[in-house]
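**Q**
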Amino acid sequence: MRNTPRRKRYLVSRLNLSAIKAEFPILRREIRGKNRLIYLDSGATSQKPNSVMAAERDFYENHNAAVHRGAYQLAEEATELYEGARAKVAGFINADIDEVIFTKSATESINTIAYSLGSAKAGTRFHIRAGDRIVVSEMEHHANLIPWQELASRTGAELVWFKVSEEGRLDTSNIDELINERTKVVALTHQSNVLGTIVPLDQITAKAHSVGALFVLDACQSVPHYKVDAKALMVDFIAFSGHKMLGPTGVGILWGKKDLLDEMPPFLTGGSMIETVTMEGATYLDAPKRFEAGVPNMAQAIGLGAAVEYLNALGLDDIHAHEVELTKRALEGLQSITGLSIIGPKDLEMRGGVVSFAVQGIHPHDLGQALDQYGIAVRTGHHCAWPLMRRFKTIATTRASFYLYNDFDDIEALIDGVERARKYFQSR
Amino acid sequence: MELDSLYQEVIFEHYRRPLNKALKPNPTIQVRHTNTSCGDEITLNLHTDGKKIIEVSWDGIGCSISQAGTSVVSDLVIGRQIDEVLQIIEAFQAMILSKGSDSGDEKLIGDGVAFAGVSKFPARVKCALLGWMATKDAILQARCSDGEGK
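Protein sequence lines, in the order shown, are assigned to chains A and B.
Once you know that position 387 of the first sequence is 641 in this note's numbering, the rest is easy, because the numbers rise by one and skip nothing.
Once you know that position 70 of the second sequence is 122 in this note's numbering, the rest is easy, because the numbers rise by one and skip nothing.
(1) If the cut-off is 8 angstroms on Cβ atoms, which residues from the region 57-75 of chain B count as contacting chain A, listed in chain order?
(2) Given this structure, state the Cα-to-Cα distance separating A:Asn551 from A:Lys543, to the nearest angstrom.
(3) Check A:Phe662 in the structure and name its three-state DSSP category.
(4) A:Val306 and A:Leu565: beta carbons closer than 7 angstroms?
(5) Which chain A residues sit within Cβ distance under 8 angstroms of B:Leu55?
(6) Between B:Ile94 and chain A, is any beta-carbon pair separated by less than 7 angstroms?
(7) Going by C-alpha distance, which of A:Leu442, A:Ala397, A:Glu420, A:Glu421 is nearest A:Val414?
(8) Could you check whether the Cβ of B:Gly152 sits closer than 7 angstroms to any Cβ belonging to chain A?
(9) Considering Cα atoms alone, identify which of A:Pro279, A:Arg644, A:Ala397 is closest to A:Val418.
(10) Determine the direct distance from the alpha carbon of A:Tyr293 to that of A:Phe521, and round the result to whole angstroms.
(11) Could you check if A:Tyr314 is buried or exposed, using at least 16 other CB atoms within 10 Å of its CB as the buried criterion?
(12) If I measure Cβ to Cβ from A:Ala329 and keep anything under 6 angstroms in the same chain, skipping five residues before and after, which residues do I get?
(13) Which residue wins for smallest C-alpha separation from A:Gln475, given the options A:Thr503, A:Ala493, A:Lys485?
(14) Which chain A residues are close to B:Ile161, counting only those with a beta carbon under 9 angstroms from its beta carbon?
(15) Less than 6 angstroms between C-beta atoms, sequence neighbours within five positions excluded: which residues of the same chain meet that for A:Met488?
(16) For B:Ser89, go through chain A and note every residue whose CB falls closer than 8 angstroms to its CB, in chain order.
(17) Excluding sequence positions up to five away, which residues of its chain have a Cβ less than 6 angstroms from the Cβ of B:Thr39?
(18) Can you tell which of A:Gly450, A:Ile507, A:Asp661 has the C-alpha that lies nearest to the C-alpha of A:Ala276?
(19) So with CB distances below 7 angstroms, who are the chain A contacts of B:Gly114?
(20) Answer with buried or exposed for A:Tyr659, where buried requires no fewer than 16 other C-beta atoms within 10 angstroms of its C-beta.
(21) Quick check: the region 96-108 of chain B against the region 146-155 of chain B, are there 3 or more CB pairs under 8 angstroms?
(22) Between the region 368-388 of chain A and the region 399-413 of chain A, are three or more C-beta pairs nearer than 8 angstroms?
(23) Here's a check: name, in chain order, each residue in its chain whose Cβ is nearer than 8 angstroms to the Cβ of A:Ala486, leaving out the five neighbours to either side.
(24) Taking DSSP as the reference, what is the three-state secondary structure of A:Lys417?
(25) Drop a sphere of 10 angstroms on the beta-carbon of B:His66, count the other beta-carbons inside from all chains shown, and report buried for 16 or more, exposed for fewer.
(26) Go through the region 287-326 of chain A residue by residue and report every complete run of the alpha helix (DSSP H) that reaches 4 residues or more, in order.
(27) Residues bridged to A:Arg383 by DSSP?
(28) Using 10 angstroms around the beta-carbon of A:Ile280, count the other beta-carbons present and answer buried if the total reaches 16, otherwise exposed.
(29) Among B:Lys151, B:Asn87, B:Ile134, B:Leu96, whose alpha-carbon lies nearest the alpha-carbon of B:Gly114?
(30) What are the residues of the region 169-188 of chain B that lie near chain A, defined by any Cβ-Cβ distance shorter than 9 angstroms?
(31) Would B:Glu61 be called buried (16 or more neighbouring beta carbons within 10 Å of its own) or exposed?
(32) Give the list of continuous beta strand (DSSP E) stretches no shorter than 3 residues that lie fully inside the region 571-600 of chain A.
(33) I'd like to know whether the C-beta atoms of A:Ile355 and A:Phe491 end up nearer to each other than 7 angstroms.
(34) Return the chain-ordered ranges of every alpha helix (DSSP H) run that is complete within the region 389-456 of chain A and spans a minimum of 4 residues.
(35) Could you name the residues of chain D that A:Met393 contacts, counting a contact when the two beta carbons are closer than 8 angstroms?
(36) Tell me whether the beta-carbon of A:Ile556 lies closer than 7 angstroms to the beta-carbon of A:Ala339.
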């Protein structure tokens, strides 16, 4: 089956794509026969370079022991590697080391905040009660929506949300209504996993802080792709996942301001997070350990450290510039297809490498099935953003999302593949 | 090509011109089934006298496989005895879950055999079953509420 592009275009990238591709063994796989794998689902999870897999393997082969306990050499090495990974992640987002908490996923990171706030006692600054307000948006991934719905229902707080414009931008026209003196939490995505929209934060963070609300940022789609500076952003918490940024599954990050973290009630409790314990009660350590109960996902955290090193070596600015070029070509090529419409911004202003689209008369699941036959892996469905689908009066979209290992041939293959699929279904 | 083994002509016929796709009023039971992974959903109205399926009508949105599947099952079961219908559904389900080893009995499942190719695509099994499972659910619920009534 043919999947070399018809229109070959040589665009310039600042990345050395052939060297990069060589580091990702999975990209040599053949799919549904002899098709080259064209992986365009990095918004769901990224592929892993050799160095990340090697780091995990090396940990198990040479250093495996439970961290922060044991007086033997292996335990020391494991602790050093694990804490070294924390330092790497902290450097990556310009944070202090003690502000970086390893969780199992971004979903767990967000739940950690939501449950911690929910268990804050009456009279403390974090306490949330009936009449308080939690602000989200219509473009949230379920992971940054359901935990807040649940917190609202447990506490009696009111959940309100920013709407999304027809162009796929956050509508902040009613910000003064939404964020008021009763608002305790504002939880927003940094970049929509469906639309690719990057949310401008300055106005919203300023407003949130002016009323004393906490700001939680879901950075799953931003941290892997461009520079996110925890100190410059003026947010209180940031959640992101390791597996979307070349790291292993099973490790996520929660960043929070130290003074907040140290005061907040813990979420998961047990070993490793305590200061003293009696039969009647316990006191807890400060962050990050306060939020890392149990033996952590050590190999995964260390793998994430290797992923951060890989990203640093390439440079986030070059990665982002490359993805903007890919997105530019994808938007242009896809829109030349009859009956195809883009769901999300059609320009490159404040936009990441995620392109959602619909093809008239073809259900995304059918389109994705045809693309799979050509070796092209895209996501189809509601993308865990069901309310956003309703907003655009659809039940599902097809989504292509790009990363540093995608090249222009991948984009041409996508454009060709969609056109081919369209003709296939039209002829049936 | 492999895609053709999935997308049989019969499937497209049902997809383009679905049968019984308009909800009939006053059903014995109404069920709503969703494919949670893609958001496809159907609402299905069942009219039954407790022994026989009198009407199956439905509405919904979804991919070609789920829509055609619902069209096929609705057409197949109207007018049949409930016990027989449950057997038919079981036979279809067995074929769909067979990973390609069961090509289906046309005498029993009619146009359902066109979905034999779907069983080789695990991600689409739920699509193919959506209407069939809604029908089964409606029958079992009708049976339950019938039993309670007695």
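Ideal placement from N, C-alpha and C gives every residue a C-beta, glycine not left out.
Note that the structure is predicted; figures quoted are calculated from it, not measured.
**A** On the basis of the coordinates in this document:
(1) Leu58, Tyr59, Glu61, Phe64
(2) Indexing the first sequence from 1 puts residue 551 of chain A at position 297. Indexing the first sequence from 1 puts residue 543 of chain A at position 289. Cα-Cα distance, rounded: 13 angstroms.
(3) Numbered from 1 along the first sequence, position 408 holds the residue referred to as residue 662 of chain A. In this structure, A:Phe662 counts as helix in the three-state DSSP scheme.
(4) Here the question's residue 306 of chain A lines up with position 52 in the first sequence. Here the question's residue 565 of chain A lines up with position 311 in the first sequence. Going by C-beta atoms, A:Val306 is not nearer than 7 angstroms to A:Leu565.
(5) For this step, residue 55 of chain B is matched to residue 3 along the second sequence. Under the 8 angstroms cutoff, chain A gives Gln623, Ala624, Gln627, Tyr678.
(6) Here residue 94 of chain B refers to the residue found at position 42 when the second sequence is read from its first residue. Not an interface residue.
(7) Along the first sequence, read from residue 1 onward, the residue named residue 414 of chain A stands at position 160. Minimum Cα distance to A:Val414 is reached at A:Leu442.
(8) Translated into positions along the second sequence, residue 152 of chain B becomes position 100. So no, B:Gly152 is outside the interface.
(9) Translated into positions along the first sequence, residue 418 of chain A becomes position 164. It is A:Arg644 whose Cα lies nearest to the Cα of A:Val418.
(10) Here residue 521 of chain A is taken as the residue at index 267 of the first sequence, counted from 1. Here residue 293 of chain A is taken as the residue at index 39 of the first sequence, counted from 1. Spanning the two alpha carbons is a distance of roughly 36 angstroms.
(11) For the purposes of this step, residue 314 of chain A is taken as residue 60 along the first sequence, with counting starting at 1. A:Tyr314 should be labelled exposed.
(12) Position 75 of the first sequence holds residue 329 of chain A. Hits under 6 angstroms: Ala319.
(13) Numbered from its first residue, the first sequence carries residue 475 of chain A at position 221. It is A:Ala493 whose Cα lies nearest to the Cα of A:Gln475.
(14) Taking the second sequence and counting its residues from 1, one reaches residue 161 of chain B at position 109. What B:Ile161 touches in chain A: nothing, since even the nearest Cβ is about 22 angstroms away.
(15) Here residue 488 of chain A corresponds to residue number 234 of the first sequence, with the count starting at 1. Excluding positions up to five away in sequence, the list reads Thr459.
(16) Sequence index remark: in the second sequence, residue 89 of chain B carries index 37 (1-based). Correct list: Gly635.
(17) Any answer about residue 39 of chain B is impossible in this case: the structure gives chain B only from 53 up to 202.
(18) On the first sequence, position 22 is the one that residue 276 of chain A refers to. Among A:Gly450, A:Ile507, A:Asp661, the Cα nearest to that of A:Ala276 is on A:Asp661.
(19) Position 62 of the second sequence, counting from 1, holds the residue named residue 114 of chain B. Correct list: His617.
(20) Sequence index remark: in the first sequence, residue 659 of chain A carries index 405 (1-based). So A:Tyr659 ends up on the buried side.
(21) no
(22) yes
(23) As a first step, residue 486 of chain A is located in the first sequence; it is residue number 232 there, counting from the start. Correct list, in chain order: Asn348.
(24) The sequence position of residue 417 of chain A within the first sequence is 163, counting from 1. Here A:Lys417 sits in strand by DSSP.
(25) The sequence position of residue 66 of chain B within the second sequence is 14, counting from 1. It is buried - the Cβ of B:His66 has at least 16 other Cβ atoms within 10 Å.
(26) 304-312
(27) What you label residue 383 of chain A is simply residue 129 of the first sequence in a count that begins at 1. For A:Arg383, which the question treats as bridged, DSSP gives no partner whatsoever.
(28) On the first sequence, residue 280 of chain A is found 26 positions in, with the first residue counted as 1. It is exposed - the Cβ of A:Ile280 has fewer than 16 other Cβ atoms within 10 Å.
(29) Mapped onto the second sequence, residue 114 of chain B falls at position 62. The shortest C-alpha separation from B:Gly114 is found at B:Asn87.
(30) Phe173, Ala175, Arg176, Cys179
(31) The sequence position of residue 61 of chain B within the second sequence is 9, counting from 1. B:Glu61 comes out exposed.
(32) 594-597
(33) Your numbering for residue 355 of chain A matches position 101 in the first sequence. Your numbering for residue 491 of chain A matches position 237 in the first sequence. No, the pair does not count as a contact, with Cβ atoms beyond the cut-off.
(34) 400-409, 429-432
(35) Structure shown: chain D not included; protein chains present are A and B.
(36) Locating residue 556 of chain A in the first sequence gives position 302, counting from the first residue. Locating residue 339 of chain A in the first sequence gives position 85, counting from the first residue. Yes, the Cβ-Cβ distance between A:Ile556 and A:Ala339 is below 7 angstroms.
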